[in-house]
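In terms of our numbering, the sequence shown opens at residue 2 and continues consecutively.
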Amino acid sequence: MFIATRDLTHTYMPGTPFATQALKGVNLTIERGSFCAVTGPSGSGKSTLVQHFNGLLRPTSGQVLLEGRPLGEGKDSLRRARRQVGLVFQLPEQQFFAETVFDEVAFAPRNLGLDPAEVEKAVEESLEQVGLDPKELRERSPFHLSAGQKRLVAIAAVLALKPQALVLDEPMAGLDPAGERNLFDLLRDLNRRRGLTVVVVTHRLEEIVSLVHRVYVLEEGSLIMEGSPEELFRRREELDRVGVAPPPWWELLRELAGKGYPVNTSALTREEACREIISLFKGEKR
Ligand SMILES: Nc1ncnc2c1ncn2[C@@H]1O[C@H](COP(=O)(O)OP(=O)(O)OP(=O)(O)O)[C@@H](O)[C@H]1O
Ligand SMILES: [Mg+2]
């Protein structure tokens, strides 16, 4: 177990007429090294939930456990949590504070006490990792970038922390197809090769479904379903109710395999699924 919640409840503005119970007794466990998705309709509590994973929000009741220890208990617990679990906000502006992209991304390495040359290298690496050109952007204000560039700078700044877990709230929003592809490859690499635990909040499960081990579905602050994508997609009617759907290609490959056609259902992307179907088609024509 890496991150877990126990009966986690969160109420915004408690005791006022505006009190909103955003999370209602959520219990979940995220394993170290896994790739998880949190999905559900707007307002279901996804952003509220993930902001508990590094202690940014504190429970109204219940607990968050990090490596089995209650978050917030003991000296340095919260500070350690913010280092271990890097959180990329739904709105990147919410996490920006520096005047230049360089200073934004340099914050974590400087905090770690690296010397200027090492900071320089860490910033460059982090920006390059997300597909941004350090030379072009370093002196720009993070607030004055395009939506996609802001998103990537926010991710780079969190990567510079060298966290053990990366939690991204709607990371694909605002990216063009090339940016999406680059981020997809980066997340796959961080999870599979470097063993980072990755949690992605998304409305469009389709965009990352092939990387995901476990999906958590929220509805009105409650965790209503969890399981592997395969397990969830079998519960089609319940998913339809909350507007979560498997990608069409995912369904098509499984339907073909179910009818006995020799297709590999482990395709990772739409392109791979297309190739799979084309090779089946070519094979049949022969
Ligand atoms: N800062 C806040 N103050 C008061 N209420 C809030 C605040 N943030 C969120 N809420 C409320 O808490 C509930 C859950 O919101 P949350 O942002 O966690 O949902 P979400 O699933 O992330 O939605 P979306 O998909 O639109 O990002 C909603 O009813 C929302 O109005
Ligand atoms: Mg949200």
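Backbone N, C-alpha and C define an ideal beta-carbon position, used for all residues, glycine too.
- Taking 3 residues as the shortest admissible run, the stretch 188-226 contains the following complete beta strand (DSSP E) segments, listed from N- to C-terminal end: 198-202, 215-220.
- A distance below 7 angstroms between beta-carbons, with the five flanking residues on each side excluded, links F3 to the following residues of its chain, in chain order: I31, E32, R33, E68, A166, T198.
- Taking the Cβ of Y13 as the reference point, at least one heavy atom of ligand 1 falls within a distance shorter than 7 angstroms.
- Judged by DSSP secondary structure, F19 falls outside any alpha helix (DSSP H); it is assigned neither H nor E.
- In this structure, Q22 sits near T12, with a CB-CB distance shorter than 8 angstroms.
- Counting only runs of 3 or more residues that sit fully inside the stretch 143-188, the beta strand (DSSP E) segments are 166-170, in chain order.
- Annotation for V120: the continuous alpha helix (DSSP H) segment containing it runs 117-130.
- Below 8 angstroms, too few C-beta pairs join the stretch 237-255 and the stretch 176-192 to call them touching: fewer than three.
- Residue selection by CB proximity (closer than 7 angstroms to any heavy atom of ligand 2) returns K47, S48, Q91, D170, E171, V202 in chain order.
- Bridge partners of A38 according to DSSP: V201, V216.
- In this structure, N265 lies near E277, with their beta-carbon atoms less than 8 angstroms apart.
- Checking the DSSP bridge columns, you'll see Q52 has no partner listed.
- Non-local C-beta neighbours of T61 in its own chain, meaning closer than 6 angstroms and more than five positions away in sequence, comprise T10, H11, T12, ordered along the chain.
- Here P263 is exposed, its C-beta having fewer than 16 other C-beta atoms within 10 Å.
- Residue state for S267 is assigned as coil, using DSSP reduced to three classes.
- The shortest C-alpha to C-alpha distance from R182 to any of A157, A107, G132, D77 is the one to G132.
- In this structure, P143 sits near V154, with a CB-CB distance shorter than 8 angstroms.
- Rounded to whole angstroms, the gap between the alpha carbons of L88 and C37 is 14 angstroms.
- Of the candidates F103, F98, D116, the residue whose Cα lies closest to the Cα of E129 is F103.
- In this structure, G222 lies away from D177, with their beta-carbon atoms at least 8 angstroms apart.
- Checking the 7 angstroms criterion, the Cβ of T61 is out of range of every heavy atom belonging to ligand 1.
- Residue state for P249 is assigned as helix, using DSSP reduced to three classes.
- DSSP places Q85 inside the alpha helix (DSSP H), whose first and last residues are 78-85.
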